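These notes concern the structure reproduced below.
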Amino acid sequence: MKKFFLITIVLIIAIMIPKLTLAESIPIRGIVEGFYGTPWTFENRIDMIKFCGDHNLNAYIYAPKDDPYHRNKWREPYPSEKINELAKLIEISNQNNVKFIFAVSPGLDLNYKSNDDLTKMIEKLTAIYNLGCRDFAIFFDDIKNKDGKSQAEFLNAIQKNFIEKNNLPPLITVPTEYFRQDMIEKGVIKNYTANFTATLNPKILVLYTGEGVVQPALTDEQYQAANGIYSRQIGIWWNYPVNDYMEDKLALGAIENLPTMSAIPAIFFNPMKYANLSKIALATGADYANDPQNYDPLESWNKAIDEQFGDLAEEMKIFASYSRHLENNWAKIGAADEKIPDSKQELKSLQKTIKKLKSKLPKNILNECRPQLEKLASEIETKIKSAK
């Protein structure tokens, strides 16, 4: 009888928590160009979309914070030259089986109750729809106007009057309280998040960044807690390898410490402005997103560098091992960096590695990491002089 009772309890728990199932490929998996600072070039974007296709990433969000027509001047239409570029990017995305997701961040000055602003937004999205785009997002991150109910009503209006009218995939959004620790206070859901979640159309896909803006891990339990706040499965915007908060440090490690047992609807990795060097982490992110349960960060990291750097792979692994971890007073992510050795023999070997990379790396990659190579070379030289 006792054994039967225990089995019954287990079955009840399994029925009550169907979301905790073994994860297969995450349905929507890709990159969000969502960093601050110099946006990628048109050529960078073409290359990255093809990279997505090659690594079975099926989505790319166009959301560069410093594109004025994305954020500051969101009401204004893109100039013809930019429209032509977007049309080409959409075409290349379609050729590579990648969703081109066009995003707008209107929250700096959006009047949520204004019919004129609603019309302006629909006109903005329609212009890109007419280029062949079929996936759209509206983001409310990093703004001061935290009116959750009005934001949700605006999104609902876009969902009804543009998305559903054109029979498109659900709208994607990022709320103003976009990490879980900012959604609650003393164990209670804050007013903004409570109003936003209560009002938002359940079809709209919400993205969040985990427990914090940049955190070292997101467990299955933490992810499920965020789902509980929203009463829906939400997607993940993961802030690695992005380094716009400390650009002097490169994020050359692997994606790690993400949920492995949850049915996540979407995940997007936010890269660095250094598009070529971002591919190390992004390739590992692709491996994770395609098979979370069996993902091995170190194995994936080694494979990514082997594929991307060929004859320079071993040297690049050494350099990258000194530049994986990003940390300041609010952010902490990435595997620990190697420490510069003390012995003169090891230092001399490391010095040769850096010299080889500086002389042999392709120019486009060297341009992205030259300052960090030179800084490491200087630190090595200083230690050599003091080593016994």
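The opening residue of the sequence shown carries number 6 in our numbering; numbering runs sequentially from there.
For every residue, glycine included, the Cβ atom is placed at its ideal position computed from N, Cα and C.
This structure is a prediction, so every number in the text was calculated from the model and none was measured.
Beta-carbon within less than 8 Å of residue i's beta-carbon, same chain only, minus the 5 sequence neighbours each way: which residues are those?
i      : result
Asn63  : Ile33, Arg34, Gly35, Cys57, Asn102, Val103 and Lys104
Ile54  : Tyr65, Leu94, Ile97, Ser98, Asn101, Val103 and Phe105
Leu27  : Low per-residue confidence applies at Leu27: pLDDT is 48, beneath 50, and the placement is therefore not dependable enough to give any value.
Thr204 : Gly153, Lys154, Ala157, Glu158 and Asn161
Glu128 : Pro82
Ala382 : Gln356, Ile359, Lys360 and Lys363
Ala132 : Pro82, Tyr83 and Ile88
Looking at the unbroken alpha helix (DSSP H) that takes in residue i, where does it start and where does it end?
i      : result
Gly233 : Asp225 to Tyr235
Tyr293 : Ala280 to Asn295
Arg185 : Arg185 to Met188
Asn77  : Taken as a continuous stretch (DSSP letters only), Asn77 belongs to no alpha helix (DSSP H), as it is neither H nor E.
Thr198 : Asn196 to Thr204
Lys55  : Phe47 to Asp59
For residue i, which residues of its own chain have a beta-carbon under 7 Å away from its beta-carbon, when the five flanking residues on both sides are left out?
i      : result
Phe184 : Tyr213, Thr214, Gly215, Glu216, Gly217 and Val218
Ile148 : Gly112, Leu113 and Thr181
Glu397 : This structure leaves residue 397 out entirely; the chain is present only between 6 and 393.
Met251 : Leu331 and Asn333
Tyr41  : Lys70, Asp71 and Asp249
Gly290 : Ile260 and Phe274
Lys365 : Leu317
Ala309 : Ile285, Ala288 and Thr289
Glu373 : Tyr279, Asn281 and Leu282
Gln186 : Glu216 and Gly217
Could you give the first and the last residue of the continuous beta strand (DSSP E) run that contains residue i?
i      : result
Ile33  : Ile33 to Glu38
Tyr67  : Ala64 to Tyr67
Phe273 : Ala271 to Phe274
Gly240 : Gly240 to Trp243
Tyr213 : Leu210 to Tyr213
Of the residues the options, which one's Cα is nearest the Cα of residue i?
i      : options                           : result
Leu173 : Leu130, Glu38 and Asn275          : Leu130
Pro346 : Phe201, His330, Ile323 and Cys138 : Ile323
Thr358 : Leu331, Lys195 and Ser326         : Ser326
Asp121 : Asp152, Ser30, Ala92 and Glu81    : Glu81
Ile163 : Pro111, Gln356 and Ala271         : Pro111
Ile2   : Ile51, Tyr300 and Gly153          : Residue 2 is absent from the structure shown; the chain starts at 6 and stops at 393.
Lys349 : Ala142, Glu384 and Gly315         : Glu384
Asn166 : Met126, Arg50, Val211 and Pro264  : Met126
Ile260 : Asp249, Pro270, Tyr250 and Trp242 : Trp242
Ala92  : Gly137, Arg76 and His60           : Gly137
Pro207 : Ala271, Ile51 and Asn161          : Asn161
His75  : Ser119, Asp59, Glu86 and Phe144   : Phe144
Tyr134 : Gly315, Phe47, Leu115 and Ile88   : Ile88
Ile177 : Gln377, Ile189, Ser305 and Leu210 : Leu210
Leu123 : Val179, Asn372, Ala341 and Trp79  : Trp79
Gln377 : Ser354, Ala341, Met321 and Lys353 : Met321
Asn61  : Lys191, Asp296, Pro44 and Asn244  : Asp296
Ser391 : Glu373, Asn372 and Leu352         : Leu352
Tyr197 : Asp146, Glu169, Asp52 and Lys170  : Asp146
Arg2   : Lys191, Val109, Trp306 and Tyr228 : Because the chain here runs from 6 to 393, residue 2 falls outside it and cannot be looked at.
Val179 : Glu386, Lys380 and Ala108         : Ala108
Glu171 : Asn200, Phe141 and Lys191         : With the sequence shown as reference, residue 171 is identified as Asn, and Glu is not the correct amino acid for it. That would be Phe141, whose Cα lies nearest to the Cα of Asn171.
Leu115 : Asn150, Glu90 and Glu86           : Asn150
Could you pull out every residue in the same chain whose Cβ sits closer than 6 Å to the Cβ of residue i, ignoring the five residues on either side in sequence?
i      : result
Ser155 : Tyr117
Ser283 : Pro246, Pro276 and Met277
Ala294 : Ile31, Arg34 and Ile272
Arg50  : Leu94
Thr202 : Tyr235
Gly39  : Ala68 and Asn275
Gln220 : none
Arg375 : none
Ile370 : Asn281
Arg139 : Leu173
- Message: Just to confirm the assignment: which complete beta strand (DSSP E) runs, minimum length 3, are found wholly within the region 299-372?
- Response: none
- Query: Would you call the region 269-283 and the region 252-260 in contact, with 3 or more CB pairs under 8 Å?
  - Reply: yes
- Length-filtered (4 minimum) alpha helix (DSSP H) runs lying within the region 91-176: 120-134 and 153-163
- Query: On the three-pair Cβ rule with 8 Å, is the region 330-341 touching the region 224-231?
  - Reply: no
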